[in-house]
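The structure under discussion appears below in the form of structure tokens.
In our numbering, the protein residues as written are 226 to 384.
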């Protein structure tokens, strides 16, 4: 439900959250509870009530671990259980090696490493308080040139 107060029906609305729409096209902002409107000196307000949560951000197609197992199974005529075990073994080996601060290098693909971040203090932007974080290890991945070229489309993926 949307109610507009002190607004002409044909007015173009500029919403403070950087959305621009006409009064008849309110669906892009239906998830906001309230927002302010500005008409070059004349201000009005609108109240938006909706039970719909904001739409999730579309990050494009996602290839899951199960999808990878299906591809391995189809390419090598394996049962799904076998391809799942192969994939689990591969991923567990990479995680174990990187967690022990080793480097895993896969020719033509990339290199997994562990980077140690020193202890430092951060500022919490919500409260303004200072938060101390200790030393920690962070996993890093560097794609090799062959992988980058395939992603950019300048080289075809080998089959």
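From the three backbone atoms N, C-alpha and C, an ideal C-beta is built for every residue, glycine too.
What you are looking at is a predicted structure, and each value in this text was computed from that prediction instead of being measured.
For the structure I just gave you, are there three or more beta carbon pairs, one from the stretch 291-311 and one from the stretch 322-334, closer than 8 Å? no
Distance CB(residue 356)-CB(residue 347) smaller than 8 Å: Walking along the chain shown from the start, residue 356 turns up at place 131. Walking along the chain shown from the start, residue 347 turns up at place 122. Going by C-beta atoms, residue 356 is nearer than 8 Å to residue 347.
State the CB to CB distance for the pair residue 336 and residue 367, rounded to an integer number of angstroms; the pair is presumed to be in contact (CB under 8 Å). Translated into positions along the chain shown, residue 336 becomes position 111. Translated into positions along the chain shown, residue 367 becomes position 142. Correct: roughly 5 Å between the Cβ atoms.
Please state if the CB of residue 298 and the CB of residue 290 are separated by a distance shorter than 8 Å. Within the chain shown, residue 290 is the residue found at index 65, counting from 1. Within the chain shown, residue 298 is the residue found at index 73, counting from 1. No, the pair does not count as a contact, with Cβ atoms beyond the cut-off.
Among 353, 284, 362 and 302, which has the Cα closest to the Cα of residue 324? As a working mapping, residue 324 is identified with position 99 in the chain shown. Nearest C-alpha to residue 324: 362.
What are the start and end residues of the alpha helix (DSSP H) that includes residue 363? Working through the chain shown from its first residue, we reach residue 363 at position 138. That residue, residue 363, is in no alpha helix (DSSP H); its beta strand (DSSP E) goes 361-368.
With distances taken from CA atoms, which of 374, 360, 302 and 286 is nearest residue 339? Your numbering for residue 339 matches position 114 in the chain shown. Comparing Cα positions, the closest option is 360.
Taking 8 Å as the limit between beta carbons, can you name the residues of its chain near residue 326, skipping five residues before and five after? Position 101 of the chain shown, counted from the start, is the residue given in the question as residue 326. If we look at residue 326 and ignore the five residues flanking it on each side, its Cβ neighbours are 339, 341 and 362.
Can you give the Cα-Cα distance for residue 352 and residue 316, rounded to whole angstroms? Counted from its first residue, the chain shown places residue 352 at position 127. Counted from its first residue, the chain shown places residue 316 at position 91. If you take the alpha carbons of residue 352 and residue 316, they lie about 38 Å apart.
What does a CB cutoff of less than 7 Å around residue 307 pick up in its chain, not counting 5 residues either side in sequence? Start at 1 with the first residue of the chain shown, and residue 307 comes out as number 82. Close CB contacts of residue 307 within its chain, under the 7 Å cut and outside five residues either way in sequence, are absent.
Element boundaries [beta strand (DSSP E), containing residue 358]: Stepping through the chain shown from its first residue, residue 358 is reached at position 133. Its beta strand (DSSP E) spans residues 355-358.
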